[in-house]
Each structure stands twice: as C-alpha cells, then as structure tokens.
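Protein chains in written order, with the working numbering: chain A, -12 to 265; chain B, -12 to 265.
2 protein chains.
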Amino acid sequence: MASDTPKTARAAFRLLAGPVSLAHLDPGGRPLPTKKDKPKTKAKVLADLQERLWAESTVGGRRRVLLVLQGMDTAGKGGVTEHVVGACGPIGVQYTAFKAPTDEEQQHPFLWRIERKVPGPGIVGVFDRSHYEDVLIVRVHDLVPESEWQGRYDEINAFEAKLVQDGVTIIKCFLHISYDTQRERLLARLNDPDKHWKFHESDIDERGYWGAYVAAYEAALERCNTDAAPWYVIPSDDKDYRNWAVGRLLHETLEAMDLQYPRPKLDRDRLQRRLEPE
Amino acid sequence: MASDTPKTARAAFRLLAGPVSLAHLDPGGRPLPTKKDKPKTKAKVLADLQERLWAESTVGGRRRVLLVLQGMDTAGKGGVTEHVVGACGPIGVQYTAFKAPTDEEQQHPFLWRIERKVPGPGIVGVFDRSHYEDVLIVRVHDLVPESEWQGRYDEINAFEAKLVQDGVTIIKCFLHISYDTQRERLLARLNDPDKHWKFHESDIDERGYWGAYVAAYEAALERCNTDAAPWYVIPSDDKDYRNWAVGRLLHETLEAMDLQYPRPKLDRDRLQRRLEPE
C-alpha cells in the first residue's frame, strides 16, 4: 500500500532485524524515490548543519557523528566521502581510511586503533572501512582463530553502545553492489590509465572470495544491527543514487539532532560602543 | 608598463625581499586581475590535482603541500579553508587550527606541536594559525622573554627549510585586512545572533593591540620571507577576491609540481581475462 512506503531515508534504508540475506536485498533498488535537491542547496544545508554541530562543541557540547562506510571493493566508499562529506568542507570533518593493520596496531586489541580515530566533539567523522574488517577479511582469510573473531560481534556492539552514550551518533552504511557491477568497475579502472594506480590484482583475488565475503557481511549485519547503532543498506549499483541516499541519511540524522547555534549572552550595546571608530 | 604586470598569482602576491611596511600594501588591492573561472570547473581541477598528489604517495612519493594561513582576527582563515580547500574533498586534506597551546604543549619547544601536524606524503595540509603565533601574539603580549622569541625567526627558517627538503611545498599566506574592515566584520558578527558563538570580547581587546600586531607581522614577514618558503600577501578586504587569490596560488603551486598519475605496469590482457564472467 502506498501509505506504507517509507518517507525517510532512515526508515527506507534501515536493515530489518533478523536473519540477513544479501541476495534478497536489491543493489539496484530504490526503496526511497529521489527528490531533486539542487546540489548546491543541498551542500549548503549540510554545511550549515555541520557548522552548528561544530559550534555546539565550542561551548562544551559533546555530540558528534560517525559515518561508517563498508562494502565490497569498488562499492564507493571513497566516492561517497567526496560527494557527500565533501559538501561539509574540511573544518570539522575527519576522514580515516583503515588499511591492513600496522605491526604496532597488531600488538593491540583490534578496537585500539579504532578508538584513537573516533571523532571528537563537534566533528563529523568518516570511517572508510572500520572495525568491521576484523569480522570480515579476518574471517574470510582465517587471520585469527574462529574462537577469537566469534567474540568480536559482542565486543563491537558494546563498543558502539558506549560511543553512543558518549554522544556519538553512528550511521553505519553497507554500500551494496552486485558481483557484475564490481566486474564492470574493475574493468573500467583497467581501461583508464589514470586509474591504474587504484588497481591491484589483489582486488581480483579477493573477488574470488565473493561468497565468503557475502556470508561474513550477512553475519556482521545481522549480529551488529542494534537499536543504538543500526545498519543501513544502500543500493549502490547506481553511483548517483548511492550518493544521494547517503547524503539524505546524513542530512536527516543531523536534522534530527535539532542543532542550534549557541546563543551566548552578549551585551551588544556595550560591545558595539567598544567598536565605535575612535 | 603593462608588460611588467605579473601574470601569475605566485608572482603577483609574492612579498618582495627587504623591509616590510603593511601600510604600503593595499588590503583592497588587486595585483592580479581575476579571471572568471566557473566555480565548478575550478573545484574539479583542484580536486583532480590533489588526487594526483595523493596517488603519487601510494607508490612511495613524499611530496605534500602545506598552506599556512595567518592574519588578524576576521581576516578569513576559516573562509579560505572552506572555499578553497573545501574544493579538494576530505580525502587527502588535513586541517589543523592552532589555538592557545595546552599545558602539555607548553612543556615542549614551540615547534613540537607544529611538527606533529605536518601533513604526510600526498596530503594537502592547512594550518589555520601556525608557528608564527610564537612570534606574533607571544611578542605582542610578552609571553616569553624577547631573548627567546628573537631566536625563533631563525629557528622557523631552519624548520621550514627542512620541511621543503623533505618534499613539503609551503604556501604561506598573510591575509591582509584593514583596521576598518575588521571593525565591520566584528560588527556583522555582533548583529547576527547565529554568529554570536564566534564572537569573543577578547577579539576587541586584541584589536587594541593592532599597532603592535602590525609591527610583529612586519618582522615575521620580513625575517621569514625565504626563497624556500616565501610569504604571499593576499589583499583580503574583499572576501571573494581573497578566496580567488588563494585558490589561484594553490592551483598554480600544484600545477607547477607536474603531478602525474602513477602508471604501474599492468598486464591488461591477462587481468581482463581474469575478470571475464565465469
């Protein structure tokens, strides 16, 4: 029924509770129809909301936003960052890409390097990959024993709940692409010499583990889909729709925070007099 | 003579060697006529150059750019960051605002906290205030003895020369506004309740030291105007001209670096075959 159609991105893209089957989630779907926001207006509104969040932190506010981007290679974690978060300007925005852990990082529990990059008050943080890699690539390639990674889902939920309590609004996006779309995008990189630096044969190797990654993602999405920090599934075969959808999510999230510019008490008359030309 | 008119931002805004008198530099001047770049094209070109810089670092390149922004309160350090550096998107951009040093920072030499924020390879870094505060506010308010700050000009020159040797291209911009323009901008903040959070009465107090700041800036500009890391003086009474000018400087600097996408040797045929549908 038309009246059941979700009206918000937070409803439309929210992963339902229960078992997850990626095969039943359409990477080309459009669970929410796009509205034609003028890109410039949209960017200005996002930038304004982000400035309010930053302003709040200058008077002691603790709130911040963490956008977690996960998805298969070529799903568009970088593209979303540029198109959506780029609108907010570099002040008050913090981007972190998590690569294979360094030797130092491997000496510590898996959340150690993550905690160090949690955005501070007033910041919109972006994680391009995240602690979820520790139950994804780690699980697919048996990098730690199952007894160890099996405990991590609960650790992640506890970690995220603590962040939320500390004022972090977490937006976890799974950028969902099809196996065919990944092939097209890898071929496109191969056919554009300016993109060869992004091409690693290991991406093709990893593609060979597609099924194992699907299973690992299904487990992570299902077991870490909490009320405190829910998962959103973003159909990402169409880049424009993907960017629009994540932009809407970020926009709605910031709007729901009811961000107001602080109104410190200023004695305007006296201050104005102090600024009179001598 | 018309033929002597500088054609590049790097020539037009470059501070000449020798004694500096801010009174003889026009904060409303236009030493280089603006060209009408379409803002979107300009942003795309900057973003592309910045991506090349980043790409270079993924194959071992050490080069990076550091944009140092200095100027009186309200000169537009934040505005330049948003309008110019915002065009580059958050990936590969690092913004640092230097406030009054923390207790920990004060336990260390003044360059300690600066060194920790120098952009890594591939990054365009922005310093909103910088080590120059250690010969500006420090000198104006006698925060350390003269015997100490007098030595800092040479320390700064040595520090910057070392950075340049290590692959950092430094663009130091003094955003030059007039005393009247500052008054107008402070009044505008006072008259816009959404901007009250940015208003601090201490800004009016500091304005009382305008002359002392001018002297301190003149010394810093003169003594640290090296070939390795020259100063540029940006007329900043007009915000649009200021943003355009710094954008041109950044653009020319990146262009002069002759940035090329790395071309790793790929066996395209073989890789393409590996991507054939099974």
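Every residue gets a Cβ at the ideal spot worked out from N, C-alpha and C, and that includes glycine.
Remember, it's a predicted structure, so these values are computed and weren't measured experimentally.
Query raised in the report: Is the Cβ of residue 72(B) closer than 7 Å to any Cβ of chain A?
Result: yes
Query raised in the report: For the putative contact between residue 39(B) and residue 248(B), defined by C-beta atoms under 8 Å, what is the C-beta separation to the nearest angstrom?
Result: 6 Å
Requested in this report: Using only alpha-carbon positions, find the residue among 62(A), 197(A), 220(A) and 207(A) that is nearest to residue 139(A).
Outcome: 207(A)
Query - Cα-Cα separation, residue 224(A) to residue 179(A) - result: 20 Å
Report task. For residue 75(A), collect the residues of the same chain with a Cβ closer than 7 Å to its Cβ; drop the 5 residues on either side in sequence, then sort them by chain order. Result -> 33, 34, 37 and 111
Query raised in the report: So residue 257(A) is in the alpha helix (DSSP H); what residue range does that whole segment cover?
Result: 255 to 261
**Report entry** C-beta contact flag for residue 286(A) and residue 67(A) at 7 Å
**Finding:** Within the shown structure, residues of chain A are numbered from -12 to 265, placing residue 286(A) beyond reach of any answer.
Report task. Answer with yes or no whether the minimum CB distance from residue 225(A) to chain B is below 7 Å. Result -> no
Query raised in the report: Of the choices 164(B), 147(B), 165(B) and 166(B), whose alpha-carbon is the least far from that of residue 157(B)?
Result: 147(B)
Query raised in the report: Should residue 95(B) go down as buried or exposed, given a rule of 16 or more other Cβ atoms within 10 Å for buried?
Result: exposed
Query raised in the report: How many angstroms separate the CA atom of residue 258(A) from the CA atom of residue 188(B)?
Result: 8 Å
Report task. Work out the CA separation of residue 222(A) and residue 102(B) for me, nearest whole Å. Result -> 42 Å
Query raised in the report: Does the separation of the CB atoms of residue 13(B) and residue 64(B) fall below 7 Å?
Result: no
Report task. Quick one: list the residues of chain B neighbouring residue 46(A), beta-carbon separation under 9 Å, in chain order. Result -> 184
Query raised in the report: Expressed to the nearest angstrom, what Euclidean distance is found between the alpha-carbon atoms of residue 216(A) and residue 245(A)?
Result: 19 Å
Report task. Please confirm if residue 142(A) has its CB atom under 7 Å from at least one CB of chain B. Result -> no
Query raised in the report: Hey, how far is the Cα of residue 241(B) from the Cα of residue 29(B)?
Result: 13 Å
Report task. For residue 152(A), count neighbouring Cβ atoms within 10 angstroms of its own Cβ and tell me buried if that reaches 16, exposed if not. Result -> exposed
Query raised in the report: If you draw a straight line from the C-alpha of residue 184(A) to the C-alpha of residue 261(A), how long is it?
Result: 58 Å
Report task. Tell me the start and end of each unbroken beta strand (DSSP E) in the region 178 to 251 of chain A that is at least 3 residues and wholly inside, in chain order. Result -> 218 to 222
Query - C-alpha distance - residue 172(B) paired with residue 163(B), whole-angstrom precision - result: 14 Å
Query - Closest by C-alpha distance to residue 174(A), when choosing among 255(B), 82(B), 20(B) and 42(B) - result: 255(B)
Query - C-beta neighbour in chain A for residue -11(B), strict 7 Å - result: Low confidence applies to residue -11(B): its pLDDT is 49, below 50, so where it sits in the model is not reliable enough to give any reading.
**Report entry** Residues bridged to residue 161(B) (per DSSP)
**Finding:** 57(B) and 220(B)
Query - Amino acids of chain A, ordered along the chain, whose beta-carbon sits closer than 7 Å to that of residue 62(B) - result: Neighbours of residue 62(B) on chain A: none; closest Cβ ~15 Å, over 7 Å.
Query raised in the report: Do you know how far the Cα of residue 83(B) is from the Cα of residue 104(B)?
Result: 7 Å
Query raised in the report: If you drop the 5 nearest sequence neighbours on each side, which residues of the same chain put their C-beta closer than 6 Å to that of residue -3(B)?
Result: 239
Query raised in the report: Whose C-alpha, out of 233(A), 169(A), 234(A) and 161(A), is nearest the C-alpha of residue 212(A)?
Result: 161(A)
Requested in this report: Determine the DSSP secondary structure at residue 141(B), reduced to helix, strand or coil.
Outcome: helix
Query raised in the report: Would you call residue 168(A) buried or exposed, if buried means 16 or more other Cβ atoms sit within 10 Å of its Cβ?
Result: buried
Query raised in the report: Are the beta-carbon atoms of residue 106(A) and residue 81(A) separated by less than 7 Å?
Result: yes
Query raised in the report: For residue 194(A), which of 44(A), 43(A) and 166(A) has the nearest alpha-carbon?
Result: 166(A)
Query raised in the report: Relative to the C-alpha of residue 11(B), which residue among 237(B), 235(B) and 220(B) is closest?
Result: 220(B)
Query raised in the report: Taking residue 192(B) as the reference, which of 70(B), 124(B), 17(B) and 79(B) has the closest Cα?
Result: 124(B)
Report task. Could you tell me which chain B residues have their CB closer than 8 Å to the CB of residue 191(A), listed as they occur along the chain? Result -> 258, 261 and 262
**Report entry** Bridge partners - residue 156(A), DSSP secondary structure assignment
**Finding:** 52(A)
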